[in-house]
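Novice: The opening residue of the sequence shown carries number 7 in our numbering; numbering runs sequentially from there.
Think of the CB as a built atom: it goes at the ideal place given N, C-alpha and C, for glycine as much as any other residue.
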Amino acid sequence: MTLAQRVAQAEVSTLLVGPSGAGKEVLARVLHESSNRCNNPFVALNCAAMPENLIEDMLFGHEKGAFTGAAREHIGVFEQANGGSLFLDEIGDMPYHLQTKLLRVLQEKRLTRLGGHAHVDLDVRLIAATNRDLKEAIQHREFREDLYYRISAFRLRIPPLHERPGDILPLVEHLLKSHSSNGKRYLLSKEAEAKLVGYIWPGNVRELGNVIQRALVLCQGTRITSEHLLFDELYGPVIPSISDRIDNEEAEGFLKMGNSGVRTEVEEPRVPSSVMIGEKKINSLGAAVKTSEQQTIRAALRACGSRIEAAKQLGISPRTLRYKIARYKDRGIMLAAND
């Protein structure tokens with residue numbers, strides 16, 4: 007977040023690049039709220055969601071009588087955001103012919119409504135976002151190169167949420183503040199924090215927002231516990247094993263700027279060089295956790311006699327247990343007797 011706050015104060019056009027649902031609009035709001043424009047409007051427009059024949063009107067507005075059916079004037083998003091910030095999501099999907107007009111408005115800092123003659127002066131901080139490779143789009147003549155450099159004075163790459171577990175709790179805090187009413191302040195239990203950080207988030211920040219909204223519906227007070235966190239198991243197991251997190255994840259900062267390598271750092275956990283389990287020497291914490299998990303699952307399967315009962319005793323879903331058994335089987339480690 008430190009880098010985001012520095013960018014917020016820079017008052018330059020900013021391009022956010024990342025996959026769908028990675029939290030580009032959330033970050034855009036953070037940039038606005040951390041800037042000197044925070045008390046002025048924040049206006050968002052999804053360029054991919056608008057029909058081509060309407061997007062120009064949505065951007066720049068029109069005068070009364072500008073076209074058939076224009077019974078009254080319409081103020082576009084640029085004027086609505088005057089003095090504040092304008093967020094243009096999925097700008098890579100903007101029609102090519104409109105990119106020329108957008109470039110001119112950004113250069114001149116003024117616009118003329120459709121059907122009008124008077125100029126409207128603008129003081130708008132532009133934040134754009136895309137999940138496309140705009141440099142590739144430029145090569146295919148689908149995006150203007152001069153517009154690209156105009157909107158990307160500062161370029162921020164937003165990785166998928168599972169690549170930046172250190173950002174999960176700050177994002178949750180931001181979401182809780184945005185959903186709070188009447189000054190109510192929500193708190194997370196330690197178990198809830200661990201559950202949020204341990205999840206793989208295939209739906210990125212959009213899924214995180216849904217989980218938090220469900221938790222606020224279920225939470226009758228102001229303390230959110232792990233029982234209030236309901237995940238969608240559509241993508242597989244809810245909670246990956248701790249050992250998988252240790253082996254496969256490198257904690258990254260919230261942002262990476264282009265290819266410059268600038269990023270906020272998250273301190274990695276200290277891993278002991280070796281530990282002892284019984285008389286067996288384990289060379290890493292990840293291996294120790296794996297061994298403990300294997301022993302626990304085997305013991306539960308032997309004691310319960312069925313995977314459903316074993317899953318209940320382990321406090322995980324049957325699907326998660328099946329996933330873990332299959333993962334270990336792929337590595338040549340048999341946990342279930344009938345495997």
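Per DSSP, what kind of secondary structure is residue 72 in: helix, strand or coil?
Specialist: Coil.
Novice: So residue 167 and residue 202 are in contact, right, with Cβ under 8 Å, and what is the actual spacing, rounded?
Specialist: With 8 Å as the limit, residue 167 and residue 202 do not qualify as a contact, their Cβ atoms being about 10 Å apart.
Novice: Could you tell me which residues DSSP puts in a beta bridge with residue 93?
Specialist: Answer by DSSP bridge pairing, in chain order: 50 and 133.
Novice: Considering only the alpha carbon of each residue, which of 152, 146, 155 and 218 lies closest to residue 179?
Specialist: Cα-wise, what sits closest to residue 179 is 218.
Novice: Once you ignore the five residues that flank residue 52 on each side, which residues in its own chain have a CB closer than 7 Å to its CB?
Specialist: If we look at residue 52 and ignore the five residues flanking it on each side, its Cβ neighbours are 95 and 96.
Novice: What's the C-alpha gap between residue 39 and residue 12?
Specialist: Roughly 12 Å between the two C-alpha positions.
Novice: Should the stretch 31-51 be regarded as contacting the stretch 130-140, the criterion being three or more beta carbon pairs within less than 8 Å?
Specialist: The stretch 31-51 is in contact with the stretch 130-140.
Novice: Three-state secondary structure (DSSP) at residue 123?
Specialist: Correct three-state label for residue 123: coil.
Novice: Shortest alpha-carbon distance to residue 29 belongs to which of 299, 137, 148 and 157?
Specialist: Of 299, 137, 148 and 157, the residue nearest in Cα terms is 137.
Novice: Can you say whether residue 100 is buried or exposed, counting buried as having 16 or more other CB atoms within 10 angstroms of its CB?
Specialist: Classification for residue 100: buried.
Novice: Straight-line CA distance for residue 228 to residue 191?
Specialist: Taking the straight line joining both Cα atoms gives about 7 Å.
Novice: Return the bridge partner residues of residue 23 from the DSSP annotation.
Specialist: Answer by DSSP bridge pairing, in chain order: 136 and 163.
Novice: Have a look at residue 47 and residue 110 and give me their C-alpha separation to the nearest angstrom.
Specialist: For residue 47 and residue 110, the distance between alpha carbons rounds to 22 Å.
Novice: Measuring CB to CB, does residue 49 end up less than 7 Å from residue 65?
Specialist: The answer is no: Cβ separation not under 7 Å.
Novice: In chain order, which continuous runs of the alpha helix (DSSP H) of length 4 or greater are located wholly inside the stretch 152-224?
Specialist: With a minimum length of 4 residues, the continuous alpha helix (DSSP H) runs that stay inside the stretch 152-224 are 174-185, 196-204 and 210-224.
Novice: Would DSSP call residue 331 helix, strand or coil?
Specialist: Looking at residue 331 - three-state DSSP - the assignment turns out to be helix.
Novice: When we look at the beta-carbon of residue 23 and count the other beta-carbons within 10 Å, is it buried (16 or more) or exposed?
Specialist: Flag for residue 23 reads buried.
Novice: Less than 7 Å between the C-beta atoms of residue 347 and residue 36, yes or no?
Specialist: Outside the shown range of the chain (7 to 345) lies residue 347, about which nothing can therefore be said.
Novice: Taking the alpha-carbon of residue 316 as reference, which of 21, 342, 338 and 127 has the nearest alpha-carbon?
Specialist: Nearest of 21, 342, 338 and 127 to residue 316, Cα basis: 342.
Novice: Which of the three DSSP states is assigned to residue 104 in this structure?
Specialist: Here residue 104 sits in helix by DSSP.
Novice: Looking only at C-alpha atoms, which of 185, 323, 237 and 60 sits nearest to residue 80?
Specialist: Answer by Cα proximity: 60.
Novice: Which residues mark the beginning and the end of the alpha helix (DSSP H) in which residue 317 is found?
Specialist: Residue 317 -> alpha helix (DSSP H) spans 313-320.
Novice: Taking C-alpha atoms, which residue in 77, 70, 118 and 71 lies nearest to residue 85?
Specialist: Among 77, 70, 118 and 71, the Cα nearest to that of residue 85 belongs to 118.
Novice: Is the CB-CB distance between residue 305 and residue 320 below 7 Å?
Specialist: No.
Novice: Return yes when the Cβ of residue 120 is within less than 7 Å of the Cβ of residue 72, no when it is not.
Specialist: Contact flag set, yes.
Novice: Can you look up residue 283 in the DSSP assignment and give me helix, strand or coil?
Specialist: Residue placement at residue 283 is flagged as unreliable, the pLDDT there being 42, under the threshold of 50; the coordinate-derived value follows with that caveat. Strand at residue 283.
Novice: Would you give the residue range spanned by the alpha helix (DSSP H) that residue 59 belongs to?
Specialist: Residues 58-66.
Novice: I'd like to know whether the C-beta of residue 221 is nearer than 7 Å to at least one C-beta of chain B.
Specialist: Protein chain content of the structure displayed is limited to a single chain, and chain B is not contained in it.
Novice: Tell me whether residue 128 sits in a helix, a strand or coil according to DSSP, three-state version.
Specialist: Coil.
Novice: Once DSSP output is grouped into helix, strand and coil, what is the label at residue 341?
Specialist: Reduced to three states, the DSSP call for residue 341 is coil.
Novice: Ignore the nearest five residues each way along the sequence and tell me which others in residue 334's own chain have a CB closer than 6 Å to its CB.
Specialist: 341.
Novice: Could you please give me the residues that DSSP links to residue 117 through a beta bridge?
Specialist: Paired residue(s): 126.
Novice: Do residue 237 and residue 20 come within 7 Å of each other at the CB atom, strictly closer than that value?
Specialist: No, the pair does not count as a contact, with Cβ atoms beyond the cut-off.
Novice: Rounding to the nearest angstrom, what Cα-Cα distance links residue 324 and residue 330 in this structure?
Specialist: Going from the Cα of residue 324 to the Cα of residue 330 covers about 10 Å.
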